[in-house]
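Taking it in order: structure first as structure tokens, then the write-up.
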Amino acid sequence: MRAWTSIFVLVVLLGVTGCGSKMSGAVDQSMDTQCALDSMAYLEEMHDLAGGGGEEDKSDGKVNQTYCNEMNTYLDEGMLGSANKDELKKLLDELRKAKDKEEIQRITGEMAGLIVLPEKYMSRFAKKYKK
Numbered sequence: 000m001r002a003w004t005s006i007f008v009l010v011v012l013l014g015v016t017g018c019g020s021k022m023s024g025a026v027d028q029s030m031d032t033q034c035a036l037d038s039m040a041y042l043e044e045m046h047d048l049a050g051g052g053g054e055e056d057k058s059d060g061k062v063n064q065t066y067c068n069e070m071n072t073y074l075d076e077g078m079l080g081s082a083n084k085d086e087l088k089k090l091l092d093e094l095r096k097a098k099d100k101e102e103i104q105r106i107t108g109e110m111a112g113l114i115v116l117p118e119k120y121m122s123r124f125a126k127k128y129k130k
């Protein structure tokens, strides 16, 4: 009886431990996806504002530094999954310094092409620049 109880406890502990590790992997994957979605939204907004248009023309050739800082944090913490980190960092530095509207659009488009997103989450902007 005592042997069966020990085996039962061992099996339960192994089961709980196994489930816990699988769950953390799923959480990490969804966090990467969420960070990639946020980054894509930041890039799309900066791209659109640089292009002007719409009711309010807010295209002043300025880059949103808050968005750049957030994306830099995602890159530093490895939260953009399998994206090309080095190339994104290089382009992010260029984007921070960009003044010309066409240059902002070019850089944001290139960066969007480097961010990996599942097909079901891709906006038209993401699909346009996907590599």
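0 is the number of the first residue of the sequence shown in numbering that gives the first Met the number 0; add one for each residue after it.
Glycine included, C-beta positions come from ideal geometry on N, C-alpha and C.
Computed from a predicted structure; not experimentally measured.
Query: Can you tell me whether Ser122 is helix, strand or coil according to DSSP?; Result: coil
Query: Excluding five sequence neighbours on each side, which residues of the same chain lie with their C-beta closer than 8 Å to the C-beta of Leu36?; Result: Leu116 and Tyr120
Query: Spatial neighbours of Met45 within its chain, please: CB distance less than 7 Å, with the 5 preceding and 5 following residues excluded, ordered by chain position.; Result: Val62, Asn63, Tyr66, Ile103 and Thr107
Query: Cβ of Met30 within 8 Å of Cβ of Met78?; Result: yes
Query: Quick test of your reading: Leu113 and Asn83, contact by CB under 8 Å. State the CB separation rounded to the nearest angstrom.; Result: 5 Å
Query: So which of Met39, Lys98, Thr72 and Leu87 has the shortest CA-CA distance to Ala49?; Result: Lys98
Query: With DSSP run on the structure shown, which of helix, strand or coil describes Asp99?; Result: coil
Query: Go ahead and pull the three-state DSSP assignment for Leu87.; Result: helix
Query: With a CB to CB cut of under 7 Å and the five nearest residues on each side skipped, what residues in its chain are close to Cys34?; Result: Tyr73, Met78 and Leu79
Query: Measuring straight from C-alpha to C-alpha, what distance separates Ser81 and Leu87?; Result: 11 Å
Query: Between Glu76 and Leu90, is the Cβ-Cβ spacing less than 8 Å?; Result: no
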